[in-house]
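**Q** Take a look at the following structure, please.
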Amino acid sequence: MSGPEQPSQGTPRALLALALFLGGWWLVALRMEPAPARASNAPANEFSSQRALERWRALPGTALPHPVGSPAHEELRVGIVEALRALGCEPQVQETVVSQPGKLGLVRNVLARIPGKVHEGAVLLAAHYDSVPAGPGAGDDGAGAASVLEIARALKSGPPLERDVILLIDDAEELGLLGAHAFCEQHEWARDVALCVNLEARGSSGPCFLFETSQENAALLTLAARVLAQPSAWSASYEVYKRMPNDTDLTVFKQQGWQGYNLAFLRDLRHYHTPCDDAAHLSPESVQQMGTNALALVRGMANDLLDPQAHGRAVYADFLGLVLLHWNQRSNLPIALGLALAIAFALWTRRRDRGWRLLPVLTCAGTALGGLLLAAGVAAGLQALALAGGSSDWPHAAEPVWMRVALLAGAVAAWFALASAPWNLRATLEERWAGTAVFLALFAIGLALGLPAASYLAILPLVLTLMGFSMHEIARERKPRGKPWMLAAPAFVMSAGVSGPLLVALEWVFEFRVSAALGLLAGLVFLPLWIMAAEAPRSARAIALAALVLAIACVFGARRSPAWTEDHPAPLTLQHYQESSGGEARWILESFESELPRALAADFTRTELGPLGPARAERSLFTRPAPRLEVAHPQFESQAGSAAGTAQIALASPADARRMILILPEGWTPRALECEGRSTTVLPGRNALELTGFGRRSLRLLCERPARPDREENLQLFEFVECDKSAAREWIDKRPREFVPISLGDLSIVRSTRNP
127 MSGPEQPSQG TPRALLALAL FLGGWWLVAL RMEPAPARAS NAPANEFSSQ
177 RALERWRALP GTALPHPVGS PAHEELRVGI VEALRALGCE PQVQETVVSQ
227 PGKLGLVRNV LARIPGKVHE GAVLLAAHYD SVPAGPGAGD DGAGAASVLE
277 IARALKSGPP LERDVILLID DAEELGLLGA HAFCEQHEWA RDVALCVNLE
327 ARGSSGPCFL FETSQENAAL LTLAARVLAQ PSAWSASYEV YKRMPNDTDL
377 TVFKQQGWQG YNLAFLRDLR HYHTPCDDAA HLSPESVQQM GTNALALVRG
427 MANDLLDPQA HGRAVYADFL GLVLLHWNQR SNLPIALGLA LAIAFALWTR
477 RRDRGWRLLP VLTCAGTALG GLLLAAGVAA GLQALALAGG SSDWPHAAEP
527 VWMRVALLAG AVAAWFALAS APWNLRATLE ERWAGTAVFL ALFAIGLALG
577 LPAASYLAIL PLVLTLMGFS MHEIARERKP RGKPWMLAAP AFVMSAGVSG
627 PLLVALEWVF EFRVSAALGL LAGLVFLPLW IMAAEAPRSA RAIALAALVL
677 AIACVFGARR SPAWTEDHPA PLTLQHYQES SGGEARWILE SFESELPRAL
727 AADFTRTELG PLGPARAERS LFTRPAPRLE VAHPQFESQA GSAAGTAQIA
777 LASPADARRM ILILPEGWTP RALECEGRST TVLPGRNALE LTGFGRRSLR
827 LLCERPARPD REENLQLFEF VECDKSAARE WIDKRPREFV PISLGDLSIV
877 RSTRNP
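In this text, residue positions in the sequence shown follow this note's numbering: the first is 127, and each later residue adds one.
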């Protein structure tokens, strides 16, 4: 039995391992970039992001924030209707009041139908056209709505479809998915839908991910693997997404039992729901991948290409955007066990030839596990060092390259340090391979049992591990030592190809708040290559030390880098608050930071209470006195109802408030809302009722009330209107350019109270 090679022989392999690591990251980054945008002269039946964006930007209102009820929102809806009509569709507007627990909204969905040979089992293509008040929503969801229009043109330019395609450009998604609820619950076309594709964005660039599907998705993934030219999809992404406090219209569609896909791009998170979500920052390449993939999926479903024999839930992952690998989740455990048996058989055959010893193999399996944990621990330590003494949970996202390099260098340091550990030096190259394969087999079985959607992270590298061993054994027939690099390199290619993209996407979504998870994934990418790094312990120690020094240096580079920039800003929203009945008014700043920027810090003091009560989680409030602003007072009255134990509340907003929140006394229960002669049942919720999209319309709310309340409480009505920029000019000018309003934007809030 041969021992470890001499350093003169092993050093090139250690350096090759490092080169493969760096090359793997370069390849992952290269393959994750979306394909180039197609020009406006692309074939008529294909998707062109240039055509899509030119058509969208020509519509009125797209360059401005267009929240529900704003003038830009009204103009845009009219423009969408005209655009569909120009494409040869027959659009219609669904105007209705929709009720959800604690919410009532007047929504106006735009719909059109491209007829196929069969009307039942139609395919729904959806995006929303409302934006948040803070920004024009070029990505969220202008890119999706523009793609719907371009896909409609491409579908009508191609051959007839087998099934109808329904286009839904819905309203009030940002207010709680109200437009999707309105379509599903009230529109007659909803009865025809069986399949759907939803388009979204949580950033302004990057690859367009297929990040969510319906539960029973085996047929959907079979189709996606068949028709997508550049797939970006992993089943583990949904495990991450469903643990986030986010929903999209697909959430509503899935509740109807429809099968479908959710597509979105998510790089440049700091642009999301801010003024930076504009045309200048939107990537045409991202829109191209979104539109191309959505068109292929819609065409495939509308032409009955779904496999009727495919059932159950799929595990899936794309390999460098080249191919979408998938299998049924029910096969997870048998696959993992089968691979484990194959590993056992390979080890048994080599054991007969005295190719390995049991104790070193088990030690190396422990090293494989320890390396992942060490990489995660190093990453967590680097994050703690970056944040030490700071006031934010992550203030260095503006220049993320520092921490990216630090975390990758930390993973290199962890693996090369372990590779040079004395207990690993006593193992042969084949024993290190065997230990790593044993760990991967156990890891695959564990994931198959505990987190099946992520099992591909171990199963696919394990397949390539066996392939590498087979190639090595074939090479041994000609050369006794075989080809040692074959024991690691093939598995690295697969590990980098399937773990690397998930690592990149997690950083885009969470920045570096989950550095331990990022370090674990970085360690998983590099796992197979420590086998070769251990061939040269002196070189491995030197590389480990150099990588650790680089990681620490990059952390200090991150600490010295700007916390925020104009292209990667931090949220800081200005609010003006006053009582309609008089009294003092206040300016309020809402920040995700614990401290204000220097330009504003001396003018505001910290407070724990805002207009609606305590500060929301992870947000800080600061306040100062403000002048009262001239606003139109609401029409807000309460009187006893016609039946005992009931009350009627009449309200209207002459100020044209886009959003109102009515706080009812304890024990009051809203039952119905009357608006312009129509009555809508109010679903049970809290004692706070949010009203959106009604503008100046007169409303009457019918409530049940206790005959003898435990305590007397007033009715409270909060109106939210756009902040008067001339009145707020001093603070808007003082707000640094690297701080921007987010979501609801700069607001004026007026509270009115009435005795019930």
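C-beta: ideal position from N, C-alpha, C; glycine also.
Unbroken alpha helix (DSSP H) runs of length 4 or more, entirely within the stretch 835-860: which are they?
**A** Fully enclosed alpha helix (DSSP H) runs of 4 or longer: 855-860.
**Q** Assign glycine 709 to one of two classes, buried (16 or more other C-beta atoms within 10 Å of its C-beta) or exposed (fewer than that).
**A** It counts as exposed.
**Q** Among residues of its own chain, excluding the 5 on either side of alanine 666, which ones have a beta-carbon nearer than 6 Å to its beta-carbon?
**A** The answer, listed in chain order, is Ala140, Phe542, Ala545, Ser546 and Ala659.
**Q** Please give me, in chain order, every unbroken run of the beta strand (DSSP E) with length at least 3 that falls completely inside the stretch 271-302.
**A** The qualifying runs are 289-296.
**Q** Just reading off the alpha helix (DSSP H) that tyrosine 364 is part of, what are its end residues?
**A** Unbroken alpha helix (DSSP H) run through tyrosine 364: 361-367.
**Q** Can you round the beta-carbon distance between threonine 818 and valine 274 to whole angstroms, since I take them to be within the 8 Å contact cut?
**A** The Cβ separation is near 23 Å, so there is no contact.
**Q** So, with DSSP's three-state summary, where would you put aspartate 910?
**A** The structure shown does not extend to residue 910, since the chain is modelled only from 127 to 882, so the question has no answer here.
**Q** One question on the structure: do valine 651 and alanine 622 come within less than 8 Å of each other, judged by their Cβ atoms?
**A** Yes, the pair counts as a contact, with Cβ atoms nearer than the cut-off.
**Q** Could you check how far apart the C-beta atoms of alanine 574 and asparagine 458 are, in whole angstroms? I think they sit under 8 Å.
**A** 4 Å between Cβ atoms; contact.
**Q** What do you reckon, are the CB atoms on alanine 320 and glycine 247 nearer than 8 Å?
**A** In this structure, glycine 247 lies closer than 8 Å to alanine 320 by Cβ.
**Q** Does the separation of the CB atoms of aspartate 375 and aspartate 296 fall below 8 Å?
**A** The answer is yes: Cβ separation under 8 Å.
**Q** Excluding the 5 residues preceding and the 5 following valine 531 in the sequence, name in chain order all residues of the same chain whose CB lies nearer than 8 Å to its CB.
**A** Here the set comprises Leu676, Ala677 and Cys680.
**Q** Is the beta carbon of proline 160 closer than 8 Å to that of proline 333?
**A** Closer than 8 Å, so yes.
**Q** Starting from the N-terminal side, write out each stretch of the alpha helix (DSSP H) that is 4 residues or longer and does not extend beyond the stretch 402-475.
**A** Qualifying alpha helix (DSSP H) stretches, in chain order: 410-428.
**Q** Kindly indicate which three-state DSSP category cysteine 310 falls into: helix, strand or coil?
**A** Cysteine 310 falls in the helix class under three-state DSSP.
**Q** According to the Cβ coordinates, are asparagine 813 and leucine 790 closer than 8 Å?
**A** The answer is yes: Cβ separation under 8 Å.
**Q** The beta strand (DSSP E) with lysine 229 in it runs from where to where?
**A** Here the beta strand (DSSP E) through lysine 229 covers 229-240.
**Q** Quick test of the definition: if touching needs 3 or more C-beta pairs under 8 Å, does the stretch 175-192 touch the stretch 357-373?
**A** Taking 8 Å as the limit for Cβ pairs, the verdict is that the stretch 357-373 does not touch the stretch 175-192.
**Q** State yes or no: is the C-beta of glycine 497 within less than 8 Å of the C-beta of tryptophan 656?
**A** Result yes, Cβ atoms of glycine 497 and tryptophan 656 sit closer than 8 Å.
**Q** Per DSSP, which residues does isoleucine 875 bridge with? Please list them.
**A** DSSP output for isoleucine 875 lists Tyr703 and Phe846 as bridge partner(s).
**Q** How would you call methionine 127, buried or exposed, if buried means at least 16 neighbouring beta carbons within 10 angstroms?
**A** Unreliable positioning characterises methionine 127 in this predicted model, as indicated by a pLDDT of 37, which lies under 50. The coordinate reading is nonetheless provided below. Under this definition methionine 127 is an exposed residue.
**Q** Thinking just about the alpha-carbon of each residue, which of Leu467, Met620, Ala165 and Trp634 is nearest to the one in leucine 568?
**A** Per the Cα distances, Leu467.
**Q** Go ahead and pull the three-state DSSP assignment for tyrosine 387.
**A** Three-state result, tyrosine 387: strand.
**Q** Considering only their Cβ atoms, is the gap separating proline 521 from alanine 163 smaller than 8 Å?
**A** For alanine 163 and proline 521, no; Cβs fall outside 8 Å.
**Q** Check the C-beta distance from glycine 626 over to glycine 150 and give it rounded, since I have them as a contact under 8 Å.
**A** Yes, they are in contact, since the Cβ atoms of glycine 626 and glycine 150 sit about 7 Å apart, within 8 Å.
**Q** Below 8 Å, can you find three or more Cβ-Cβ pairs linking the stretch 547-554 to the stretch 430-450?
**A** Too few Cβ pairs lie closer than 8 Å, so no.
**Q** Return yes when the Cβ of tryptophan 528 is within less than 8 Å of the Cβ of glycine 683, no when it is not.
**A** In this structure, tryptophan 528 lies closer than 8 Å to glycine 683 by Cβ.
**Q** Give the secondary structure of alanine 766 by DSSP, where H, G and I count as helix, E and B as strand, and everything else as coil.
**A** Alanine 766: strand per DSSP, three-state reduction.
**Q** How long is the line joining the alpha carbons of alanine 662 and threonine 137, rounded to whole angstroms?
**A** Roughly 5 Å separates the two Cα atoms.
**Q** Which word fits glutamine 765, buried or exposed, when buried means at least 16 other C-beta atoms lie within 10 angstroms of its C-beta?
**A** Glutamine 765 should be labelled exposed.
**Q** How is alanine 614 classed by DSSP in three states: helix, strand or coil?
**A** Reduced to three states, the DSSP call for alanine 614 is coil.
**Q** CB-CB under 8 Å to tryptophan 384, same chain, minus the five flanking residues each way: which ones, in chain order?
**A** Excluding sequence neighbours, tryptophan 384 sits near Leu250, Val319, Ala320, Leu321, Cys322 and Ser340.
**Q** In angstroms with no decimal places, state the Cα-to-Cα distance between methionine 597 and phenylalanine 618.
**A** C-alpha separation (whole angstroms): 15 Å.
**Q** Hey, out of Leu148, Leu392 and Glu864, whose CA is closest to proline 688's CA?
**A** When only C-alpha atoms are compared, the closest one is Glu864.
**Q** How many whole angstroms separate the CB atoms of alanine 727 and isoleucine 571, which I take to be in contact at a CB cut-off of 8 Å?
**A** 55 Å between Cβ atoms; not a contact.
**Q** Compute the Euclidean distance between the alpha carbons of leucine 870 and alanine 501, then round it to the nearest angstrom.
**A** Those two C-alpha atoms are separated by around 40 Å.
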